[in-house]
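Residue numbers (my numbering), protein chains in the order written: chain A, 1 to 288; chain B, 1 to 386.
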Ligand SMILES: Cc1ncc(C[n+]2csc(CCOP(=O)(O)OP(=O)(O)O)c2C)c(N)n1
Ligand SMILES: [Mg+2]
C-alpha cells in the first residue's frame, strides 16, 4: 500500500497568504490530528490580515492549555501567561496601551473554570478586549478532565460514571453579563467565524466568540470518532442570530442542535473609553 | 489634593506626608503610569491616591476583581512598556505569588508594594508585621530572583519606590517594596528634591532590527526589552524557553535560563544591596533590624551606648539581595549579632547562613506591635558578650 498520509510539503495558496503571520520555524504544531485548533489558527491569521489594522498592533494573549499554545504559533506580539489569567493580563495591556488591538485566545477551562471570576468581571467592567473562547468540552491538555463547560452525562477522565454537574451556557452567560458582542461558531464554519472575528475587532468593549472545536480525547471517551464529531458540528447546527440564548446550551453527545450565530450587539462604552474622559477631566485640558 | 502639581508631578519641597502616599508620589516621579489593585488594609492609601493622581499625569488606574487579576494586569502593562505597579498586604501578596513567578520568568519589570501586617492568615489587618521576608523571595515555585527593599520611614517609602522602579527596569525582575503597617501609615517629613536631581532608569531598548532581535538574546545577562506594538513581534511564555522565547524541554536551555534568572541579581548584588550602620565600628554586639523595628532598635542601641556597652545597629535596606559582606566583616572583627524582627524567625536564617549560627542571637516578636526599645535593650543586656 502506498502511503497516503503525511505532511503535504508545498503550502496551499491559503497557507502561503498567512505565512508572514506564522512562526513557521515552530511547525508542525503540537495539536493532535483531528483537533480543531489548527483551523482556528488559520482563520484568525486571515482575519488579522484582513482587519485593516497593522499586524504590529495586534497582540494575542493566551492562558495555559492546548488552546493556549495558539499565541506561540502566531508571528505577532504574543503572550502565553498563566492558567486562567490571560484576561486580566490583556486588560492591563489594553488599558495602558489603547493603541493595541488585544485578543485573548484560550480554552474553556482556562477562561471559565479557573478564570471564571476574571471573565465575569471583565464583561461587567466592559473592558475593550476581544476574547475567543475555545470550547472543546474538557481540559484537553491535562488528559480530558471535566470542566465548567462539560455537558452533564459526559464521560471524562474524572467523571468515569458520567458527569453530574451542570455546564455553563456561554453565550447566555456573556449576554446576561452585558457583553457588547457575543457570537458562537464552530471551527467548521470558517467563513462565518472569520466574519465574526473581523466584527469583533471593531467593537469598543468586551467582545466574545465561543468557538466550538472537536477534541479527540473528549470524543474518545464518549465514543464519538473524530470524523463523526466534525460531521455533527457541521450538520447538527442551526444558525439563528436571534436565538433564545436560554436554550442555547450544548450537548455534543446527544441529538440537540447546536445553535450558532452573532447573537448580541450592544454599544455600551468600554472602561477604557470612559477612562480616557477621566484623564481629560483630571488634566483640565492640559496635554503632554 | 493638597499637593501642588508640576506637569502633574509633585513639586519639590518639604511635605508632611503618610508613608503610603509618599510611595505614590515617588512612583509617579519614577514614571509609573499604570496601577491595578484590590483593596486591603493597611495599603489602601496607595490605591486611593493613585486613583486620583494617575489621571492627572495621564496614567491609568484600575481596581481589579482580586489580587491575582491586579498583578496580571500590572505584568500586562509592563510588557507594553508602561511602568506599572500594584500594592497589597500579606493575604493579597500570597495570592500574587504565582504571577510573581511569571514576571520573573518572562522578565517583566514590575513593582509590588507589600505593606506588611500581622499574620498568618487574616491575622491583624490594622497592625504591624514583618512576616513576608521569606515569602518575598521564595513565595513562588521554582528558582528566580527578586529585589526587595525595606523602608523605615515615609521618606524612604518615597525614595525606595523610585529606586524600586529603577531596579525593576534595569534588571528586569519583580521588585518588592516590603513596607510595614507602621511605616506605611505614619505621617512624617518627606523631602521631595528637584526632579532633575532624581535619577530615573528607563527600559533598555533593542539596538537591532526586528529580524535580528531575540527576546532573551544569549549575549546578555539582562537582555534588551522590546515591548508590544513596536514591530518586534515578541513571544513570551512562562514555559521554559530558549533565547527566541520559544518553549523547549532541553536541559541545557533550562540550565542557561534558570541560572541566568538567579544570576541577574546575584552578579549585581553589590550594586543593588543597601544598608545603614550606626555605631558599628567598635561594636561587640551588632543588632540587625529593619523597617520600623530598626527605629526602636536604634533607640535601644543608643541607650546601651549610654551605659558604656559597645553596641551598634546594622540596618539592611534590601532584604534581597541581602547585604551580607559588611556583616561578615563586622563578625570577623569579633562582633556577635542579635537579629530583632517582627516574626518568629526569618531574616535570622539569612544572617546565620553568612556569619555562622554560633555568632547569632535572635529576638522573635509576634506581630501586632513594634518591640519597644526597653525590651530590645533587655535582650541586648542578656546576650551582650562579656
Ligand atoms: C494553576 C494551574 N493549575 C493547573 C494547571 C494544569 N493545566 C494545564 S492546562 C489545563 C487545562 C486546560 O484546559 P482548557 O483551558 O480547557 O484548554 P484545552 O487544553 O482544552 O484547550 C490545566 C488544568 C496549570 N497549568 N496551572
Ligand atoms: Mg478545553
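Note that CB positions come from ideal geometry on N, CA and C, so glycine has one too.
A quick note: this is a predicted structure, and the numbers were derived from the prediction, not measured.
Check, Outcome
"At least one CB of chain A closer than 7 Å to the CB of residue 172 (chain B): is that the case?", "no"
"Taking only beta-carbon positions, decide if residue 233 (chain B) is within less than 7 Å of chain A.", "yes"
"Pair every Cβ in the region 290 to 298 of chain B with every Cβ in the region 267 to 274 of chain B, then say whether three or more of these pairs are closer than 8 Å.", "no"
"At what residues does the alpha helix (DSSP H) containing residue 118 (chain A) begin and finish?", "116 to 125"
"What are the uninterrupted segments assigned as alpha helix (DSSP H) that are 4 or more residues long and contained completely in the region 51 to 125 of chain B, given in chain order?", "67 to 79, 90 to 95, 97 to 106"
"With DSSP as the reference, label residue 356 (chain B) as helix, strand or coil.", "coil"
"Quick check on residue 34 (chain B) - is its C-beta less than 7 Å from some C-beta in chain A?", "yes"
"Does the contact criterion of 3 or more C-beta pairs under 8 Å hold for the region 173 to 188 of chain A versus the region 142 to 151 of chain A?", "no"
"Is residue 109 (chain A) close to ligand 2? I mean its beta-carbon at under 6 Å from any heavy atom of the ligand.", "yes"
"What residue from A:118, A:256, A:269, A:126 has the CA that sits closest to residue 235 (chain A)'s CA?", "A:256"
"When DSSP labels each residue in this structure, what does residue 189 (chain A) get in the three-state scheme?", "coil"
"Near residue 167 (chain B), which residues of its chain fall below 6 Å by C-beta distance, leaving aside the five closest residues on each side in sequence?", "147, 175"
"Any heavy atom of ligand 2 closer than 6 Å to the beta-carbon of residue 169 (chain A)?", "no"
"Spatial neighbours of residue 210 (chain B) within its chain, please: CB distance less than 7 Å, with the 5 preceding and 5 following residues excluded, ordered by chain position.", "231, 232, 233"
"Strictly under 7 Å for the Cβ-Cβ distance: is residue 55 (chain B) near chain A by that measure?", "yes"
"Curious, which full-length alpha helix (DSSP H) runs of at least 4 residues does the region 218 to 287 of chain A contain?", "226 to 235, 271 to 283"
"Since residue 84 (chain B) meets chain A, which of its residues come closer than 9 Å, beta carbon to beta carbon?", "92, 96"
"Helix, strand or coil for residue 86 (chain A)? Go by DSSP, reduced to three states.", "helix"
"Taking one C-beta from the region 102 to 109 of chain A and one from the region 90 to 97 of chain B each time, how about it: are there three or more such pairs within less than 8 Å?", "no"
"So, is the C-beta of residue 72 (chain B) closer than 7 Å to a C-beta in chain A?", "yes"
"Can you name, in chain order, every residue of its own chain whose Cβ lies under 6 Å from the Cβ of residue 382 (chain B), other than the five neighbours on each side?", "none"
"In chain A, what lies closer than 9 Å to residue 92 (chain B) by C-beta?", "Result: empty, since nearest Cβ-Cβ is about 14 Å, beyond 9 Å."
"Given that residue 243 (chain B) touches chain A, what residues does it touch there, using C-beta distances under 8 Å?", "Under the 8 Å cutoff, chain A gives no residues; its nearest Cβ is about 13 Å from residue 243 (chain B)."
"Does the beta-carbon distance from residue 111 (chain A) to residue 59 (chain A) come in below 7 Å?", "no"
"Within its chain, find whatever has a CB closer than 6 Å to the CB of residue 1 (chain A); leave out the 5 residues flanking it on each side and keep chain order.", "Here residue 1 (chain A) scores only 38 on pLDDT, less than 50, and its place in the model should not be relied on; the value that follows carries that caveat. So the list is empty, once near-sequence residues are dropped."
"Measure how close the beta-carbons of residue 69 (chain B) and residue 88 (chain A) come, nearest whole angstrom, since I'm counting them as under 8 Å.", "4 Å"
"State buried or exposed for residue 241 (chain B), treating a residue as buried only when at least 16 other CB atoms are found within 10 Å of its CB.", "buried"
"Counting Cβ pairs closer than 8 Å, one from the region 98 to 106 of chain B and one from the region 30 to 42 of chain B, do we hit at least three?", "no"
"Just the chain B side, please: which residues come within less than 9 Å of residue 248 (chain A) by C-beta, in chain order?", "Here the premise fails: no neighbours, minimum Cβ distance about 26 Å."
"Tell me, to the nearest whole angstrom, how far the beta carbon of residue 312 (chain B) is from that of residue 283 (chain B); I am working on the premise that it is less than 8 Å.", "3 Å"
"Answer yes or no: does any C-beta atom of chain B fall closer than 7 Å to that of residue 117 (chain A)?", "yes"
"Does ligand 1 have a heavy atom nearer than 6 Å to the CB of residue 64 (chain A)?", "yes"
"Could you tell me whether any Cβ in chain B is nearer than 7 Å to the Cβ of residue 291 (chain A)?", "The displayed coordinates of chain A run from 1 to 288. Any statement about residue 291 (chain A) would go beyond what the structure contains."
"List in chain order: all unbroken alpha helix (DSSP H) runs of 4+ residues lying wholly within the region 176 to 202 of chain B.", "181 to 185"
"Considering only heavy atoms of ligand 2, does any lie closer than 6 Å to the CB of residue 222 (chain A)?", "no"
"How long is the line joining the alpha carbons of residue 385 (chain B) and residue 338 (chain B), rounded to whole angstroms?", "11 Å"
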